[in-house]
Amino acid sequence: MDTLLACHYGFLLGPWLESSKKLAQNPEQEKQFEWNARTQVTMWFDNTMNEASLLRDYGNKYWSGLLRDYYGPRAAIYFRCLLESLEKGQGFSLNEWRKKWIKLTNDWQNSRNIYTVKSRGDAFNTSRWIYDKYLRNNDVHDHEAFMETEGLSRA
């Protein structure tokens with residue numbers, strides 16, 4: 019998905035972060051403004067080690083870079099914690115998951131990774147590649163066949 023989003027300038031994280039830094043008048047402001055921009059699209063700063071801010075994801079975006087480096091790892095943390103609880107036969111450890119999620123968020127917000135401001139790739143060809151890789155000739159993902167086997171066909 020991140021590769022597909024990178025095909026269009028309007029779906030890039032880089033321009034958002036770079037535009038925030040351009041407003042700064044000195045290096046300290048640049049760092050603060052970039053942190054502000056990162057915070058706006060993830061989780062606001064009023065979190066503790068165990069409690070996530072109530073202001074989270076309201077400004078989320080499906081941007082290349084953000085999906086790859088924040089939302090993907092965040093989902094991986096959730097599923098890793100879920101699998102661990104299932105393997106141990108225990109309930110989901112909400113506090114452990116929150117700690118890891120908040121740490122990921124804080125680390126990402128404080129990072130200074132540079133993201134591209136130029137799109138790359140062709141959306142049509144990238145979409146075709148994704149379709150061929152994940153959906154073509156795969157009955158599990160064949161929507162029409164699924165609907166039919168579930169008795170939900172349009173007929």
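Using my numbering, read the sequence shown as starting at 19 and increasing by one per residue.
Backbone N, C-alpha and C fix where the C-beta goes; we use that ideal spot for every residue, glycine too.
These numbers were taken from a predicted model, which means no experiment stands behind them.
Proximity winner among the options, relative to residue i (alpha-carbon distances)
i	options	result
threonine 60	Pro45, Thr66, Asn78	Asn78
leucine 85	Tyr149, Leu23, Asp150	Leu23
glutamate 114	Gln50, Glu46, Cys25, Met67	Met67
glutamate 69	Lys118, Leu104, Gln108, Gln43	Lys118
Whether residue i touches residue j by CB criterion (8 Å)
i	j	result
tryptophan 126	tyrosine 96	no
glycine 32	glycine 83	yes
leucine 100	phenylalanine 110	yes
threonine 144	threonine 57	no
serine 137	cysteine 25	yes
glutamate 48	lysine 39	yes
Neighbour-count burial assignment, residue i, 16 or more Cβ in a 10 Å radius
i	result
isoleucine 120	buried
alanine 55	buried
tyrosine 76	exposed
leucine 30	buried
serine 37	exposed
Separation of residue j from residue i, as counted between CA atoms
i	j	result
arginine 116	asparagine 65	10 Å
methionine 19	threonine 123	21 Å
valine 135	tyrosine 80	15 Å
leucine 35	glutamate 52	6 Å
leucine 72	aspartate 140	38 Å
alanine 94	lysine 106	18 Å
phenylalanine 63	asparagine 155	46 Å
glutamine 108	tyrosine 133	40 Å
leucine 153	arginine 74	32 Å
arginine 98	arginine 92	10 Å
leucine 41	glutamine 50	11 Å
glutamine 43	tyrosine 149	46 Å
leucine 112	asparagine 131	29 Å
lysine 151	phenylalanine 142	14 Å
is_contact[residue i, chain B] using C-beta, thresh 8 Å
i	result
leucine 30	The structure shown contains no chain B; it is built from a single protein chain.
Residues bridged to residue i [DSSP beta-bridge criterion]
i	result
arginine 74	Met61
serine 82	Leu30
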